[in-house]
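Colleague: This is the structure I have questions about; it appears just below.
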Amino acid sequence: MTTPDEVLDCLGQRCPLPVIALARRLPELPVGAVIRVLADDPAAAVDIPAWCRMRQQEFLGAAPGPGYDVRRSA
């Protein structure tokens, strides 16, 4: 299991708000950092991996919480 460098709590927020929060926070982290997005909206399971593909970020997978781990690629 990956240990995140930061946790972004988006519990209770409806999509696309968790993706927007991720898009705003990720550029502030160093390349290689892992951020865990806590999001309980079922759409996040589709939206976060799709956003990672579009933005060339590494989606590491689902994590407990419910959460989603993303590694900043560039």
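When we follow full-length UniProt numbering, the leftmost residue of the sequence shown carries the number 1, and every step to the right adds one. For glycine and all other residues, C-beta sits at the position ideal for the given N, C-alpha and C.
1. I need the boundaries of the alpha helix (DSSP H) containing residue 21, first residue and last residue.
2. Determine, using beta carbons only, whether residue 17 and residue 35 come nearer to each other than 8 Å.
3. Would you mind sorting residue 57 into buried or exposed? The rule is 16 or more other CB atoms within 10 Å of its CB.
4. Following the continuous beta strand (DSSP E) through residue 72, name the residue where it begins and the one where it ends.
5. Could you pull the DSSP bridge partners for residue 38 from this structure?
6. Taking the alpha carbon of residue 54 as the point to measure from, which residue in 12, 19 and 5 has its own alpha carbon closest?
Modeller: Put simply:
1. Annotation: the continuous alpha helix (DSSP H) that includes residue 21 extends over 17-25.
2. Cβ atoms of residue 17 and residue 35: not closer than 8 Å.
3. Under this definition residue 57 is a buried residue.
4. Here residue 72 belongs to no beta strand (DSSP E), and DSSP marks it neither H nor E.
5. 9 and 67, per the DSSP bridge assignment.
6. 19 is the residue among 12, 19 and 5 whose C-alpha sits nearest the C-alpha of residue 54.
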